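Below is one structure, written out as structure tokens; the observations come after it.
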Amino acid sequence: MRARLRKALFGLSAGVLATTITAFAVPDTAAAQGLFETLFGGLRRAIERPAMSRSSYSDPYNSYARAADSPPAQREASGPSRGFCVRTCDGRYFPVQAAGNVSAAEMCHAFCPAAETKIYSGSNIDYATARDGSRYADLDNAFLYRQKMVQGCTCNGRDAYGLAHIKAAEDPTLKPGDVVVNRTGLVAYTGGKNKSADFTPVQSYSGFSKSYREMLSSLKLMQPNPGAPPDVVSSIPSASNSRSAQLGR
């Protein structure tokens, strides 16, 4: 059974975060690219753009912006519809979809909690429309990010490019056998209903072969840079708060 490796970063009071990790020690921002591969890899294939390298995560929006800049012959209104999470302050966007019981609007807000966001749907961003019938192309700040950086326009509250991390215990994309990093080391997600029992050390996870458990146990994890600013942590809204999280208006 092949597990997706996920990396989680923790603040003192932030709780567990979930992003994908590789089998080798990589920079924190690079590891976060794996989450986009998991959630949105199909979109990049549909756009027919080469997959971004892990080192290019410094601007996770770039590949989609380049697709929008392609010649008119390549920008067709036909094709499968997909959702776009749009940051309305500068028009930046990234693909988003519902996961489990979490709606696309909730996922959008979780990744970009520091800005107003809106969900648009369509075959590509040029033709995408919101639930109220408005078009992304008619948005006051549509594609504004191509012209300038808007002061204070941020998803994670820290910079114009990064997204917020999601706590591992609340990550709806996790599947049994996924591996995350917590304060004790590598643990496997078991899919249990009891939050305290959702994760088990990789050494004792029965879903892995002996050789795979040994390989995971031998990994040496990079320690976070003590001088680096803490990562921004986001949460998936609970069912009781889901109505307030619907930002696709």
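All letters in the sequence shown, in the order written, are residues -25 to -1, 1 to 224 by mature numbering (1 follows the signal peptide of the UniProt record, and there is no 0). Idealized CB from N, CA, C, for every residue including glycine. Only a predicted model underlies this, so the values are computations on that prediction, with no experimental measurement involved.
For Val156 and Cys60, the gap between their C-alpha atoms comes out near 27 Å. Three or more beta-carbon pairs separated by less than 8 Å link the region 60 to 77 to the region 114 to 131, which places the two stretches in contact. 8 Å or more divides the Cβ of Gly108 from the Cβ of Ser56. Secondary structure note for Phe59: it is in no alpha helix (DSSP H), and the uninterrupted beta strand (DSSP E) holding it is Arg57 to Arg62. Ranked by Cα distance from Lys150, the first of Leu161, Gly166 and Gln198 is Gly166. Under the three-state reduction of DSSP output, Ala163 falls in the strand class. Nearest to Gly54 by alpha-carbon distance, out of Cys83, Asp101, Met82 and Ala73, is Asp101.
With distances taken between CA atoms, Glu145 lies nearest to Gly75 out of Phe69, Gly58 and Gly75. In its chain, beyond the 5 residues on either side, Arg62, Thr63, Cys64 and Leu222 have a beta carbon closer than 8 Å to the beta carbon of Glu91. Using a Cβ distance threshold of 8 Å, Asn116 and Gly58 do not count as a contacting pair. In the three-state scheme derived from DSSP, where H, G and I count as helix and E and B as strand, Ala103 is classed as coil. Rounded to whole angstroms, the separation of the alpha carbons of Ala105 and Leu138 is 22 Å. Residue nearest to His140 within the set Arg188, Phe183, Phe86 and Val154 is Phe86 (criterion: CA-CA distance).
Distance between Ile94 and Asp153, taken at the CA atoms: about 28 Å.
Membership of Ser96 in the beta strand (DSSP E) is indicated by the continuous run Thr92 to Gly97. Within the DSSP secondary-structure output, Pro70 pairs in a beta bridge with Phe59. For Val77, the closest of Gly160, Arg158, Thr148 and Ser179 by C-alpha to C-alpha distance is Thr148.
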